[in-house]
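Under my numbering, the residue at position 83 of the sequence shown is numbered 388, and the numbers go up by one with no gaps. C-beta atoms are modelled at their ideal positions from N, C-alpha and C, and glycine is treated no differently. Single-structure report; data block below.
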Amino acid sequence: MAPIPTTMKAVSIAANGGPEVLEYKDVPVPVPQADEILVRNAVAGVNYIDTYFRSGQYPSPAFPRILGQDGAGEVVAVGSAAPQHHAVGSTVVFMNGTGTYAEYSTVKAAAAVALPAGVTPEDAVAAYLQGLTAWTFIRRAALTQPGEWALVHAAGGGVGSLLVQLLKLVGAKVIATASSEEKLRIVQGLGADHVINSNDDWVAKVNDITGGHGADSIFDGVGKATFHKDLEAIAIGGSLVMLGNASGNVEPFDIRSTLGPKNIRLSRPILFGYLKEREALEKYTGELFEFIRSGKLKVLHHATYDLKDVAKAHADIESRKTVGKLLIRIN
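This is the structure we're talking about:
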């Protein structure tokens, strides 16, 4: 193994703004704390949440900041008190490290998992953050049951395309929305029972498809633009899972008058809350990777970018024209 350098290439921000604030520069290689590992990244992911931190929609704790939520690569150092999950030279996939738009990242040893045989680093990163989001939100937030109607917004995106497939695996009847005919064809190919162009009157179409019953669970990463229409399309006692704010934050509302008439269960879950215990991380990751390894889950890759071209990746994901996961090739 090559020696660990003192500096590395990374993409960071010194202030909030558009894609132009992303700077490709030399920075110090982070040093793992006692309970951390240092990973030489091979692949990193681009996620819509990265644009929230870049723009300031979500506040950053400090500047400069290296963005990036997920990655995969080789363990090159292990902290003195790290749990014995990983050895130097092993390959891991992880999220929520010290920024993955970089050649090296530190991450809590307990938050990384070994890459199983039969799953490539590209598929692992493409599925890890979004796939665990989709899988835990189905299992823990929506509680979707076999035979129920499920509505997925922005179904051509990274999370949406995985939600469609995973909902089918649990036996749901899936209605998917997307913004173009091309995306609708892709989503239908992933198993959606019904597809709707999001520019159409999708509330009317959902009610027509379900015979007036409505969707028992709705997965909404759009936010402000769709929230109140979700309330029209949801079934009595349905679950509305808000998983993003692509169109802006939902404005404050009265809980009783908004949720009461249909006994709606509303949640805005955060993935990491479901994965705090190592046992839960291993359980959901193991299930997700087995779906991939067995061919039951297809992982969509939109494009792979060089590290220096992260600004282009941000512009592309914000265009709403991408289908599947955007990846960064690092080492």
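Taking C-beta atoms as the reference points, Gly542 and Ile569 count as a pair closer than 9 Å. In the three-state DSSP reduction, Glu587 falls in the helix class (H, G or I).
Residue burial is scored here from C-beta neighbours: Asp505 has fewer than 16 other C-beta atoms within 10 angstroms and is therefore classed as exposed. Under the three-state reduction of DSSP, Lys581 is assigned to coil, being neither helix nor strand. Under the DSSP definition of a beta bridge, Ile523 partners with Leu456, Leu545. In the structure shown, Asp611 falls within a strand segment according to DSSP collapsed to helix, strand and coil. In terms of Cα proximity to Val475, the closest of Lys314, Ile443, Met400 is Ile443. The beta-bridge partner set that DSSP reports for Lys413 consists of Glu341.
In chain order, Val397, Phe399 place their CB closer than 6 Å to the CB of Ala417, counting only its own chain and leaving out the 5 sequence neighbours on each side. For His499, the uninterrupted beta strand (DSSP E) segment begins and ends at 499 to 502. CA-CA distance, His619 to Val412, rounds to 24 Å. The distance from the Cβ of Thr441 to that of Tyr589 is about 6 Å, consistent with a contact at the 8 Å cut-off. Between the beta-carbon of Val604 and that of Lys488 there is about 16 Å, and that puts the pair past the 8 Å contact cut. Per DSSP, Arg634 is one residue of the beta strand (DSSP E) stretching across 630 to 634. Of all C-beta pairs linking the segment 315 to 329 to the segment 342 to 351, fewer than three are shorter than 8 Å, placing the two stretches out of contact. By DSSP's assignment, Arg598 forms no beta bridge with any residue. Under the Cβ criterion (8 Å, minimum of three pairs), the segment 446 to 466 counts as touching the segment 479 to 494.
Annotation: the continuous beta strand (DSSP E) that includes Val381 extends over 375 to 383.
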